[in-house]
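Visitor:
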């Protein structure tokens, strides 16, 4: 009986007019928790009621505290008829249940109605008094912290990383209950929202219990998903990584553990290395299940790839006894676990030892119609099966663990594809147990693993390779073997040595499928899957080569099932790892060498491809140091191996190996053009347009090769739906449509965000769904972060800069008195650095001005200005005033006379009560330090309309809804006392429309971690105060003159 | 392949000033796209027409959603749906309520009624401003008018408080509201040379001195319920202005006034002889304008009277202009003319005179240009 929940309703504002006669509203509020309801007084005739209620107190079990949301309903009092609901607010009080998070929830919440959207706001204060619980058999798990972030949260240290936790709960979907036929859409939506809120509370509590059992105190990388299975029900499932975390209390403690705060960004991608190769299985053959099972729980799932001779304990030649020892220890640590999986994508230093490659498994299931909510066992069994498969794949790769692990589903009618993927890896046992066992081992690990390449070294036995691959000695340490390419689902480890910059690559694929029912449908799908997966992989490989790079990080392959087609979309960030061999080019080989014009065509294509590769190398600054062949040693003799994976299903591709590889490098990648399909493929390779200059993109946390982020960030969601013309759809046309859709979407993003140049789109997350027969929906969420071009130059030319700097300070000393002299000599370059900066600064800010682009955030623009003004000052204090003036005029050219507006209208606007809340899918905020995690945000909304046209059509409807969702997330964060959401993710955006009936419905599920951050500039007040003040003055001066 | 749905939602709402301007100017999406293309944006950015179309649509949709909030700017500040930095909010408001000089000259002083709204077609055709933009501007005037109509206190302050305008814009709107309320005629051909700025300047002076709210000036009923209305002229004051007639009706007073002025200005005025010859006409004109303000209809014609001849003879502004008095001379004369009245012993309405003449002098000097 351990908790008292206290709620106070303070006031409302901007309420809608509920009484047409008076244009006013008589509002009151119902506060409900569990089965208890309180009411405020009716506040007559006002759109801004001041209730100032007493404290409503609920005495409840902590089990309920965890499961139940606080439900606040605002109503309009009506004397004669039923009271009309204005809207509701659901508040998850979980953040109040653990001591380190928020202590009070207080603020303005948007009042939300599933039919009308946001209708005004309500000010609420919520507190919880928790009593000590002495009951050992409790069902609650208050106190376990949850994080969406897939790395160890910034202000914590991982003591032990326990491992995988998972849970799922099922229920009937209220939308499909019989009662739905007689209740209003609003009631049905609300029932659904409430149910899901309850289920996720329950799920979180159950996972918490598992964590406590493991003696952990937190879940990191918590990912919760909904499966809307329609008639068969609603599944809420979650996975995460249980950890024991220690709070780093003082900043001093923070430093040693996580690098200095100023380097925080670097540290954020704390992470881990690559793996190589991609291994995946499909379950094509049909499981011979018993007849009765087949109807109720039809399952198509059998692992196809069986590797020979991969004893899990076997040691490679290179690794010697040490490797074996390590493996044994890790194994013992992991063996107790059913699934040695980790949802983390970035790890503490030293955690990740080797990376094997991507492992994935899919299985096609028929949803059973008869569904018993009390027995989630079926779904549990499905997932257990898949996880087993993943585990065995990892084993085959000589790995004992899977990192960067995730699960997903795609449902269409009664068919469901379950997918799981991750990166097979060998981990350092140090973090996995309380153990004090190691000691010497630890040291050896550190000695033996050269930084920056260790993770690339193969964990498996080279004589018994699980799949064909080229092995060479590591280009970094030259001691161990590395594969020629490495595919992983994790972020790039911080210590990895990368050449140049990375880039986003995508493989896109559609396959038509006959409409079918039940088993036939499932069989058709499972027959298609291996081919899709194979082709996705081929595309990825080709595009990787085309970029001149050799590794993929953050690989995410999504297969979506629709009525009449399957879509595959793979996104990853390509990089050039210095430890891996240089990728060969792409060779095109024609099949019929006789025809002259054909030959010509081929050679023309070849040239185009080679040009593209060269161009890409330049674009992404890939110039690895040349290494002569001798040093590397001869490539490992290889049995005539195919250079690609996943070959087994596709006979035709075997021919590749027999082609003449004589021209070009030995390891050149050969594309064979033997039919029009192949031709299409090659063409489509070349259609991907690189982002405009000044833009980079990646789907990992940060962009490899860029480390000088500035503070401006813009998170966004973009949704597109296209309707395919149903006539004569072919795979090719479909592919082209899909490809164009994605490419155009990216182009639009680049255009929209052009004012932020130079910037990088990070964590670009594409989601594909097929809401109807001829509709394809693509949803993208990402964050654009600006970075400093000048500093980038500096880091690459550090030594030059340094000497220049010295030169300029020297000059300064010399020139203290002869100021005029200095101005005279300016044109004759005595201070090249100063000039350079001026110019670059101009071009920097000139871009947005010239393009008249959308400017996102003034203050950061000012920041940018000030930072380069600062630079100018630093580098060339000797420049006479005249040249500073030029900087002022540059500012004038900046978008509009901002100064004017600010000066004039600052007073009326300054009283804005709405604090800024940043949102980002990343785990960090550039230029800032996260000081506190306030709790997890996990929200589910439904919006429905019966007046679609009036709300601006589908675009207007969804645009408004997404904006409202953002607003509600921000309001909850602000009420917790936070100023940002990190690791934000939109997990679901299900959109359905019926234009004929003028109706549409959308479901959105988002989550993230609410945090408090502090700007680094504010932290380092002392060191920067003076220059900042100076430059603010000069900025202000500039503004006034405009 | 057609795009069914295409949206972009940022955590910080993106505002493209260029597109905002096009939207405010009332262009359709396709016109706006065409104009952007013509401005060379495709070349600058390497974007395609489809991208531009989608971007423009998106911004238009955002503006459309913001429009409801812009109708009550404090709502824009407190709403939670669109996260917009304060400087951008100010920009949105300021631009939304900005008006075209050509448009405001057409409706200045007209009743902000449905009737006028019907004429917007003609105004649009005449000024080349799109009908949509005309409607927005008209509705803005009307909205501000409705909100501040019944309020006490300073007109400009009320407007600023309820619409969060900059000082400048608030003052402009005060003038618009004031003119609409008093229905001053501004459309006559003779008045065409005057800019909105000229009228706004005069409006400000009149609000300061001639209204019920003019500080402490109201000679009676200081605590009446309407005592701080900035919008209506002080009726009592207007009635009292008849008393000034004595300045021209009383021959002695007129002669004395003339001699005093002439003595003071001799040698200082380039146009001294013209002034001397015309003094009586000038003085008559100035005083008669005051005396006429008793009737509502004449109040409306104030500016016409100031500029144009009426049956009493040549009025002030026009004659001076036709004789090309330099502005400096006009100022000297008016100053002297109004100050000298204090030396006329027989004249008892000094305070009234100052209240009238200080404002009128300011207006005349402003109106005195080509």
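Protein chains in written order, with UniProt numbering: chain A, 1 to 1042; chain B, 1 to 370.
Virtual Cβ for every residue (Gly too), placed ideally from N, Cα, C.
Ignoring anything shorter than 3 residues, give me the beta strand (DSSP E) runs that lie fully in the segment 91 to 179 of chain A, in order along the chain.
Guide: Whole beta strand (DSSP E) segments, 3+ residues: 105 to 113, 117 to 130 and 156 to 171.
Visitor: Would you kindly work out how many angstroms separate the C-alpha atoms of residue 34 of chain A and residue 64 of chain A, rounded to a whole number?
Guide: Their backbone Cα atoms lie some 7 Å apart in a straight line.
Visitor: For residue 579 of chain A and residue 51 of chain B, I'd like the C-alpha separation in whole angstroms.
Guide: Distance between the alpha carbons of residue 579 of chain A and residue 51 of chain B: 40 Å.
Visitor: Does residue 7 of chain B have its Cβ less than 7 Å from a Cβ in chain A?
Guide: Yes, because at least one Cβ of chain A sits closer than 7 Å to the Cβ of residue 7 of chain B.
Visitor: Quick one, which residues of the segment 132 to 151 of chain B are near chain A if we go by CB-CB under 8 Å, in chain order?
Guide: For the segment 132 to 151 of chain B, which is checked against every Cβ of chain A, not one residue is closer than 8 Å.
Visitor: Within the same chain, show all residues whose beta-carbon is closer than 7 Å to that of residue 53 of chain B, passing over the 5 residues directly before and after it, in chain order.
Guide: Contacts found: 33.
Visitor: Decide if residue 406 of chain A is buried, meaning its Cβ has at least 16 other Cβ atoms within 10 Å, or exposed.
Guide: Burial call: buried.
Visitor: Interface residues of chain B around residue 717 of chain A at Cβ under 7 Å?
Guide: 9, listed in chain order.
Visitor: Quick one: does residue 218 of chain B have its CB under 7 Å from some CB of chain A?
Guide: Note on residue 218 of chain B: pLDDT 44, under 50, position unreliable in the model; the coordinate value appears next. It does not; no Cβ of chain A falls within 7 Å.
Visitor: Distance check for residue 761 of chain A and residue 963 of chain A, CA to CA, integer angstroms please.
Guide: Each residue's alpha carbon lies about 20 Å from the other.
Visitor: Quick one, are the C-beta atoms of residue 602 of chain A and residue 588 of chain A less than 7 Å apart?
Guide: The answer is yes: Cβ separation under 7 Å.
Visitor: State the Cα-Cα distance for the pair residue 502 of chain A and residue 357 of chain A, rounded to the nearest angstrom.
Guide: Straight-line Cα distance between these residues: approximately 19 Å.
Visitor: Determine the closest residue to residue 141 of chain B out of B:87, B:71 and B:84, with distance taken between C-alpha atoms.
Guide: Closest by alpha carbon: B:71.
Visitor: How is residue 763 of chain A classed by DSSP in three states: helix, strand or coil?
Guide: In the structure shown, residue 763 of chain A sits in a strand (DSSP, three-state: E or B).
Visitor: Taking any Cβ of chain A, which residues in the segment 46 to 69 of chain B have a Cβ under 9 Å from it, in chain order?
Guide: Those residues of the segment 46 to 69 of chain B that come within reach of chain A (Cβ to Cβ, closer than 9 Å) are 46, 47, 48, 50, 51, 52, 54, 55, 57, 58, 59, 61, 62, 64 and 65.
Visitor: Are the segment 78 to 96 of chain B and the segment 963 to 973 of chain A touching by the rule of at least three beta carbon pairs closer than 8 Å?
Guide: Flag = yes, the segment 78 to 96 of chain B and the segment 963 to 973 of chain A touch.
Visitor: Under 7 Å, do residue 359 of chain A and residue 422 of chain A count as touching if we go by C-beta distance?
Guide: The answer is yes: Cβ separation under 7 Å.
Visitor: Here's a check: name, in chain order, each residue in its chain whose Cβ is nearer than 8 Å to the Cβ of residue 343 of chain B, leaving out the five neighbours to either side.
Guide: 260.
Visitor: Rounded to whole angstroms, how far is the Cβ of residue 427 of chain A from the Cβ of residue 229 of chain A, which I believe are closer than 8 Å?
Guide: The pair is not a contact, with the Cβ atoms about 35 Å apart (cut-off 8 Å).
Visitor: Name, in chain order, the residues that DSSP records as bridge partners for residue 483 of chain A.
Guide: Partner(s): A:471.
Visitor: When the Cα of residue 971 of chain A is compared with those of A:917, A:921, A:189 and A:985, which residue comes out closest?
Guide: The candidate whose alpha carbon is nearest that of residue 971 of chain A is A:917.
Visitor: In chain order, which alpha helix (DSSP H) runs of at least 4 residues are fully inside the segment 259 to 304 of chain B?
Guide: List check, alpha helix (DSSP H) in window: 272 to 292 and 296 to 300.
Visitor: For residue 359 of chain B, which three-state DSSP category applies?
Guide: Three-state DSSP puts residue 359 of chain B in a helix.
Visitor: Compare the C-beta of residue 161 of chain A against all C-beta atoms of chain B and say whether one is closer than 7 Å.
Guide: Output row for residue 161 of chain A: interface = no.
Visitor: Assign residue 3 of chain A to buried or exposed, taking buried as 16 or more other Cβ atoms, counted over all protein chains shown, within 10 Å of its Cβ.
Guide: It is buried - the Cβ of residue 3 of chain A has at least 16 other Cβ atoms within 10 Å.
Visitor: Going by DSSP in three states, residue 206 of chain B sits in which element: helix, strand or coil?
Guide: In the structure shown, residue 206 of chain B sits in a helix (DSSP, three-state: H, G or I).
Visitor: What are the residues of the segment 9 to 30 of chain B that lie near chain A, defined by any Cβ-Cβ distance shorter than 9 Å?
Guide: For the segment 9 to 30 of chain B, which is checked against every Cβ of chain A, the residues closer than 9 Å are 9, 10, 11, 12, 13, 14, 15, 16, 17, 18 and 19.
Visitor: With distances taken from CA atoms, which of A:226, A:768 and A:704 is nearest residue 507 of chain A?
Guide: Of the listed residues, the one whose Cα sits closest to residue 507 of chain A is A:768.
Visitor: For residue 75 of chain B, report the span of its beta strand (DSSP E) as first-last.
Guide: No beta strand (DSSP E) contains residue 75 of chain B, which is instead part of the alpha helix (DSSP H) from 73 to 78.
Visitor: Should residue 327 of chain B be labelled buried (16 or more other beta-carbon atoms within 10 Å of its own) or exposed?
Guide: Flag for residue 327 of chain B reads exposed.
Visitor: Can the beta-carbon of residue 766 of chain A be found less than 7 Å from the beta-carbon of residue 571 of chain A?
Guide: Yes, they are a contact pair.
Visitor: Determine which residues of the UniProt domain "C2" (1 to 109) of chain A have a Cβ less than 8 Å from any Cβ of chain B, and write them out in chain order.
Guide: Listed by position, the residues of the UniProt domain "C2" (1 to 109) of chain A near chain B (Cβ gap below 8 Å) are 13, 14 and 108.
Visitor: Measuring CA to CA, which of A:752, A:720, A:755 and A:759 is closest to residue 740 of chain A?
Guide: Selected option, being the one with the closest Cα: A:720.
Visitor: How many angstroms separate the CA atom of residue 496 of chain A from the CA atom of residue 55 of chain A?
Guide: C-alpha separation (whole angstroms): 55 Å.
Visitor: Unbroken alpha helix (DSSP H) runs of length 4 or more, entirely within the segment 331 to 414 of chain A: which are they?
Guide: Listed in chain order, they are 377 to 396.
Visitor: Do residue 177 of chain B and residue 145 of chain B have their C-beta atoms closer together than 7 Å?
Guide: The answer is yes: Cβ separation under 7 Å.
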